[in-house]
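Novice:
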Amino acid sequence: EEIETKTLREWAGLEEAGELFLYQAPRVRQRLLEGYHREGFHFAEVNIVTRGGEEGDSHAPADVIFEVLECPKVRVKDVVLRGNDSMPDRGFGFWKDGISALSKRELDGPWLFNWKGDPFVQEVLDADLLAMRTVYRERGWLDAVVEVEELEFTPERDGVVIHLAVDEGEPYRVASLSIRGFAWANPE
87 EEIETKTLRE
97 WAGLEEAGEL
107 FLYQAPRVRQ
117 RLLEGYHREG
127 FHFAEVNIVT
137 RGGEEGDSHA
147 PADVIFEVLE
157 CPKVRVKDVV
167 LRGNDSMPDR
177 GFGFWKDGIS
187 ALSKRELDGP
197 WLFNWKGDPF
207 VQEVLDADLL
217 AMRTVYRERG
227 WLDAVVEVEE
237 LEFTPERDGV
247 VIHLAVDEGE
257 PYRVASLSIR
267 GFAWANPE
């Protein structure tokens, strides 16, 4: 209902009058699921149903039907960070500061220009976690860990509160730095 048939065909890699062999159906199913997940339909399901074709006759054509259960689009209601003591999130808009601003976190809950919140996409969450870990490492917290603590879905499964846990560890500091010069000897 939410995604047009044309878009589904593009995701599946199927043409209007093209053929699909039964052994290709699982791969098409996987591409459809990935497309739905990219759009924020976290709980979407795709089932493969075959009808027709005679038992034992390998030349009899069968119908391959992809049954799609879309479920509601999941939107981020809030992102809760726990343990980010050295870079806490503060401020608003242009004056925002903290780990979320430094890592340019993409997933966020509702705000002034996005009343519904961002669609929940697992790949975007994974990229946000990686970006936060990178910020910590660039600033000296080489042992910092940023992980998903809990995904708290609403009862209707149309919203999620993302709970992230940060274990910063101790920052590394440079104890000493020495520079030595060497004369280059021409090997000729």
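Residue numbering for the sequence shown follows this note's numbering, beginning at 87 and increasing consecutively. In this text, a Cβ means the ideal position worked out from N, Cα and C, and glycines have one as well.
Assign A261 to one of three DSSP states: helix, strand, or coil.
Specialist: In this structure, A261 counts as coil in the three-state DSSP scheme.
Novice: L250 and V166 look like a contact to me (Cβ under 8 Å); what is the Cβ gap, rounded to whole Å?
Specialist: Indeed, because the Cβ distance is near 7 Å, the residues count as touching under 8 Å.
Novice: I believe D212 touches V160 by the beta-carbon criterion, under 8 Å. Please report the beta-carbon distance rounded to the nearest angstrom.
Specialist: With a Cβ gap of about 16 Å, D212 and V160 do not count as contacting.
Novice: Sorted by chain position, which residues of the same chain lie with C-beta nearer than 6 Å to G121's C-beta, five sequence neighbours on each side aside?
Specialist: Excluding positions up to five away in sequence, the list reads W97.
Novice: Taking 8 Å as the cut-off, does the stretch 181 to 190 touch the stretch 260 to 270 (at least 3 CB pairs, one atom from each stretch)?
Specialist: No: the two stretches stay apart, fewer than three of their Cβ pairs being nearer than 8 Å.
Novice: Under 9 Å, do D61 and G203 count as touching if we go by C-beta distance?
Specialist: Nothing in the structure corresponds to residue 61, since the chain is present only between 87 and 274.
Novice: Return the residue from the list E87, L100, V234 and A269 that minimises the CA-CA distance to G169.
Specialist: Selected option, being the one with the closest Cα: V234.
Novice: Under the DSSP definition of a beta bridge, which residues are partnered with R168?
Specialist: R168 pairs with A251.
Novice: Between V247, I185, L198 and L237, which lies nearest to A230 when the distance is taken from Cα to Cα?
Specialist: Answer by Cα proximity: I185.
Novice: Skipping 5 residues on each side, what residues in its chain have a beta carbon closer than 6 Å to that of V114?
Specialist: Closer than 6 Å at Cβ, skipping near neighbours: A98.
Novice: Assuming E235 is part of the beta strand (DSSP E), what are its boundary residues?
Specialist: V231 to F239 is the span of the beta strand (DSSP E), which, as asked, contains E235.
Novice: Which two residues bound the contiguous alpha helix (DSSP H) that contains E131?
Specialist: No alpha helix (DSSP H) contains E131, which is instead part of the beta strand (DSSP E) from E131 to G138.
Novice: Under 8 Å by Cβ, that's how I've got L108 and T91 pegged, so tell me the actual separation to the nearest angstrom.
Specialist: Not confirmed; about 21 Å, so no contact.
Novice: As a quick exercise: from L237, Y258, P241 and E254, pick the residue whose alpha carbon is nearest that of I248.
Specialist: Checking every option, the nearest Cα to that of I248 belongs to L237.
Novice: Closest to P112 by CA distance: which of E242, I134 and A103 is it?
Specialist: Closest option to P112, Cα to Cα, is I134.
Novice: At what residues does the beta strand (DSSP E) containing A148 begin and finish?
Specialist: Start and end: A148 to L155.
Novice: Report the partner residues of D204 according to the DSSP bridge assignment.
Specialist: Paired residues: none, contrary to the question.
Novice: Using a threshold of 9 Å, state whether the C-beta atoms of V154 and L188 are closer than that.
Specialist: For V154 and L188, no; Cβs fall outside 9 Å.
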